[in-house]
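Student: Numbering (this note's numbering), first residue to last: 393 to 488.
Where is the CB? At the ideal position from N, CA and C, for every residue including glycine.
Quick caveat: nothing in here was measured; it's all calculated off a predicted structure.
Okay, handing you the structure first.
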């Protein structure tokens, strides 16, 4: 969607996978998975000419509430000083 005065880019949901091969990373660790997801988001935004500072909305789905704090802490490493609208949901499973 292109708006007057700028460009809006919508990213699809990101999983902890290689963007070129669509192969999942070989880890069940939520911190490692979050690093990969955030790296993917950063790469896609930069390919469109933006930076993480342009991030305005994040929706996070996790399957285990016990990982919530670690996931958000890891996300914070990538969006330090950026305060996008954020929604977190705990779900039973994620579709691939």
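1) Residue 409 bridges to which residues according to DSSP?
2) Ignoring anything shorter than 3 residues, give me the beta strand (DSSP E) runs that lie fully in the segment 437-477, in order along the chain.
3) If I'm right that residue 429 touches residue 453 with Cβ under 8 angstroms, what's the distance once you round it to whole angstroms?
4) Give the straight-line distance between the Cα atoms of residue 395 and residue 401, rounded to the nearest whole angstrom.
5) Quick check on DSSP: helix, strand or coil for residue 483?
6) Any idea what DSSP makes of residue 400, helix, strand or coil?
7) Distance check for residue 441 and residue 450, CA to CA, integer angstroms please.
Tutor: In short:
1) DSSP output for residue 409 lists 416 as bridge partner(s).
2) For the segment 437-477, whole beta strand (DSSP E) runs of length 3 or above, ordered along the chain, are 449-454.
3) Not quite, the Cβ-Cβ distance comes to about 11 angstroms (not below 8 angstroms), so this is no contact.
4) Because the pLDDT at residue 395 is just 49, under 50, the model does not fix this residue reliably, and the value given afterwards should be weighed accordingly. Straight-line Cα distance between these residues: approximately 10 angstroms.
5) Coil, per DSSP.
6) In the three-state reduction of the DSSP assignment, residue 400 falls in the coil class, being assigned neither a helical nor a strand state.
7) Straight-line spacing of the CA atoms in residue 450 and residue 441 works out to 19 angstroms.
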